[in-house]
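Asker:
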Amino acid sequence: MGYASTINECYEKLEKIGQGTYGKVYKARERATGRLVALKKTRLEVRFFLRVVSLFPFWCLGDFDASGEYITLTRILSLLNQQMEEEGVPSTALREVSLLQMLSESAFIVRLLKVEHVEEDGKAMLYLVFEYLNQDLKHFMDETGRGPANPLPKSTVQNFMYQLLLGTAHLHKHGVMHRDLKPQNLLVDKAQNVLKIADLGLGRAFSVPVKSYTHEIVTLWYRAPEVLLGGSHYSTPVDIWSVGCIFAEMARKQPLFPGDSELQQLLHIFKLLGTPNETVWPGVTKLRDWHEFPQWKAQDLAKIVPQLDKNGIDLLQQMLEFDPAKRIHATEALEHPYFADLEKTQFAKIEEQFEKENRVSVNAQ
1 MGYASTINEC YEKLEKIGQG TYGKVYKARE RATGRLVALK KTRLEVRFFL
51 RVVSLFPFWC LGDFDASGEY ITLTRILSLL NQQMEEEGVP STALREVSLL
101 QMLSESAFIV RLLKVEHVEE DGKAMLYLVF EYLNQDLKHF MDETGRGPAN
151 PLPKSTVQNF MYQLLLGTAH LHKHGVMHRD LKPQNLLVDK AQNVLKIADL
201 GLGRAFSVPV KSYTHEIVTL WYRAPEVLLG GSHYSTPVDI WSVGCIFAEM
251 ARKQPLFPGD SELQQLLHIF KLLGTPNETV WPGVTKLRDW HEFPQWKAQD
301 LAKIVPQLDK NGIDLLQQML EFDPAKRIHA TEALEHPYFA DLEKTQFAKI
351 EEQFEKENRV SVNAQ
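Position 207 (the sequence shown) corresponds to 207 in the UniProt record's numbering; numbering is contiguous.
1. Here's the rule: buried if 16 or more other CB atoms are within 10 angstroms of the residue's CB, otherwise exposed. What is residue 432?
2. How many angstroms separate the CA atom of residue 402 from the CA atom of Lys344?
3. Out of curiosity, what's the CA-to-CA distance linking Asn277 and Gln264?
4. From the DSSP output, which residues share a beta bridge with Phe130?
5. Take Tyr234 and list the residues in its own chain whose beta-carbon comes closer than 6 angstroms to its own, dropping the five residues that flank it on each side.
6. Express the C-alpha separation of Glu9 and Ile328 in angstroms, rounding to a whole number.
7. Could you give the distance in angstroms between the alpha-carbon of Pro282 and the alpha-carbon of Ala298?
8. For Pro255 and Ser242, what's the separation of their Cα atoms in angstroms?
9. Does the Cβ of residue 379 have 16 or more other Cβ atoms within 10 Å, making it buried, or fewer, making it exposed?
10. Under a Cβ-count criterion, where at least 16 other Cβ atoms within 10 Å of its own Cβ denotes burial, should Gly147 be classed as buried or exposed?
11. What first and last residue would you give for the beta strand (DSSP E) that runs through Leu195?
12. Per DSSP, Gln19 is paired with what?
13. Can you tell me which residues form a DSSP beta bridge with Leu287?
14. For the alpha helix (DSSP H) that Val238 lies in, which residues bound it at each end?
15. Can you find the residues in the same chain that come closer than 6 angstroms, C-beta to C-beta, to Pro57, ignoring five residues on each side of it along the sequence?
16. Of the choices Arg35, Trp221, Leu272, whose alpha-carbon is the least far from that of Tyr11?
17. Which value, in whole angstroms, describes the spacing of the CA atoms of Thr275 and Gly167?
18. Quick check: what's the CA-CA separation for Lys182 versus Asp239?
19. Glu12 bridges to which residues according to DSSP?
20. Taking only beta-carbon atoms, is Lys27 less than 8 angstroms away from chain C?
21. Bridge partners for Val280 per DSSP, in chain order?
22. List the residues that DSSP assigns as beta-bridge partners of Leu187.
23. Use the C-beta contact count for Val52: other C-beta atoms within 10 angstroms, 16 or more gives buried, fewer gives exposed.
24. Looking at the unbroken alpha helix (DSSP H) that takes in Phe339, where does it start and where does it end?
25. Mapping DSSP to helix, strand and coil, what is Val157?
26. What is the C-beta distance between residue 375 and Tyr162, in whole angstroms, given that I count them as a contact (C-beta under 8 angstroms)?
27. Compare the Cα-Cα distances from Ala224 to each of Glu321, Gln295, His172 and report the closest residue.
28. Kindly indicate which three-state DSSP category Val305 falls into: helix, strand or coil?
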C-alpha cells in the first residue's frame with residue numbers, strides 16, 4: 001500500500017467517469033508510469049483498514065498465525081464484519097478492498113492495482129487504484145443500437161458470456177457472491193475483446209455466518225426472485241440469475257425483466273416464466289413477501305429470445321430456474337454445449353497476458 005501526501009502527486013485526474021459506491025470515480029494517469037487507471041476515493045479512514053491488515057495481511061491466506069490458528073477467508077471476513085459493526089465503518093468500502101485483494105489473480109475480475117493512503121483535510125484517506133477499462137457492457141451494447149433489430153453477433157455473446165462465467169466461477173470458488181451483477185458492472189476492453197467483473201462493493205463471503213442478508217441488493221432488473229420475495233438467506237444462485245438476465249439482454253439487446261418496482265419486477269418474471277408454486281419451488285410460499293399472485297403459465301423462451309439457438313435457450317432456462325437449488329452452477333455452465341464451438345484457447349492467452357502484466361505491476365511497486 002503506497003503513501004502520498006496528496007493524490008495529485010501520484011496521479012493526474014483526466015475526467016470523471018462515474019459515481020461509485022464511495023463517491024466520484026476518475027480516469028487518471030499514473031505520473032510515474034504513464035499508465036491509465038481508475039481512481040475510487042473511499043470513505044474509509046486508513047486507521048480502520050490498517051488495524052485489520054496488521055492482524056491478517058491478505059497475502060497470508062493458507063498460513064498459520066502466531067497462535068497456530070489456520071488463516072482462512074472465512075476468518076478474515078468474519079473479522080471485517082466484526083470491525084464494521086463495532087466501528088460503524090462503511091461496510092462496502094472495507095468489503096471491496098478485502099475481496100479485491102484476495103481475488104486479484106483472475107484475468108476476468110477487474111484488478112485492484114494499489115491502495116493509496118493520502119492526507120486530505122487532516123485525515124488519512126484511502127484511494128483504490130484499479131486497472132482502467134474504457135467501457136462497460138451497457139455502453140458497449142448501446143453503441144450498436146438497442147432492440148432485437150440490432151443484435152450482437154452470436155460469437156460476441158458467446159465470448160462475453162464465457163468470460164463472465166469464468167469470473168463468476170472464480171468468485172464462487174473463493175466463497176464470494178457478487179450480489180450486483182449487471183451490464184454497468186461489467187467492464188469491456190474492446191481492443192483486447194476482454195470482459196471483467198467490477199464493483200464488488202456489495203460482494204460478500206457466503207461462508208461467513210451473519211444474522212441475515214439484506215434484500216436491498218442488485219438493480220431490480222437482475223434481481224433473483226428469492227431476493228424479491230424477501231428471502232434473507234441466499235447464496236451464489238442469486239449471481240447465476242443475474243448472469244442469465246444479462247445473457248438474454250446481450251442476445252436480444254433489451255432487458256428481459258424491466259420492472260420499476262419490486263412488485264412489478266416479480267410480475268414481469270411470473271408472466272414470462274409462469275407463477276411458481278410449491279411443486280416448482282419448494283418453500284416459495286413461506287418466503288416473507290409471498291402473496292397469492294395471478295396464475296400465469298410459462299411462455300416459450302425461444303420466442304422471447306429468438307436470437308439464441310436451442311443450446312442457448314437450454315442454458316438460459318437452467319440459469320433462470322425458480323428454485324435456487326436447481327439453478328446451474330457457473331462451473332457447470334462453462335461446460336454447457338452452448339460453448340462447444342467456442343475457441344477457448346483465447347482465454348488461456350488472456351490469462352497468460354494478465355499474469356505477465358501482474359508480475360510486472362508487482363515488481364514495479
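Even for Gly, the Cβ is constructed at its ideal location relative to N, Cα and C.
Answerer: According to the data block:
1. Look at the range of the chain in this structure, 1 to 365, and you will see that residue 432 is not part of it.
2. With the chain covering only 1 through 365, there is no way to say anything about residue 402.
3. Annotation: Asn277 to Gln264 spans about 18 angstroms, alpha carbon to alpha carbon.
4. BP columns for Phe130 point to Ala38, Leu112.
5. If you ignore the 5 residues before and after Tyr234, its C-beta comes within less than 6 angstroms of the C-beta of Glu226, all in its own chain and listed in chain order.
6. Glu9 has its alpha-carbon roughly 48 angstroms from the corresponding atom of Ile328.
7. Their backbone Cα atoms lie some 18 angstroms apart in a straight line.
8. Just so you know, the alpha carbons of Pro255 and Ser242 end up roughly 11 angstroms apart.
9. One cannot answer for residue 379 here, as it falls past the ends of the chain, which runs 1 to 365.
10. Exposed.
11. Its beta strand (DSSP E) spans residues 194-197.
12. Secondary-structure assignment with DSSP links Gln19 through a beta bridge to Lys24.
13. Per DSSP, none; premise fails for Leu287.
14. Where Val238 is concerned, the enclosing alpha helix (DSSP H) stretches over 237-252.
15. Caution is warranted here: a pLDDT of 47 is assigned to Pro57, below 50, making its placement in the model unreliable, and the coordinate value is therefore given only provisionally. Result list for Pro57: empty, nothing under 6 angstroms.
16. Tyr11 has its Cα closest to that of Arg35, out of Arg35, Trp221, Leu272.
17. Each residue's Cα considered, the two are about 31 angstroms apart.
18. Roughly 10 angstroms between the two C-alpha positions.
19. Glu12 pairs with Arg29.
20. Protein chain content of the structure displayed is limited to a single chain, and chain C is not contained in it.
21. In the DSSP assignment, no residue is bridged to Val280.
22. DSSP lists Asp136, Lys196 as partners of Leu187.
23. Its pLDDT being 49, under 50, Val52 is placed unreliably by the model, and nothing is read from it.
24. First-last for Phe339: undefined, no H or E at that position.
25. Val157: helix per DSSP, three-state reduction.
26. There is no way to answer for residue 375, as the model of the chain reaches only from 1 to 365.
27. Between Ala224 and the set Glu321, Gln295, His172, the nearest pair of CA atoms involves Glu321.
28. Residue state, collapsed to three classes: coil.
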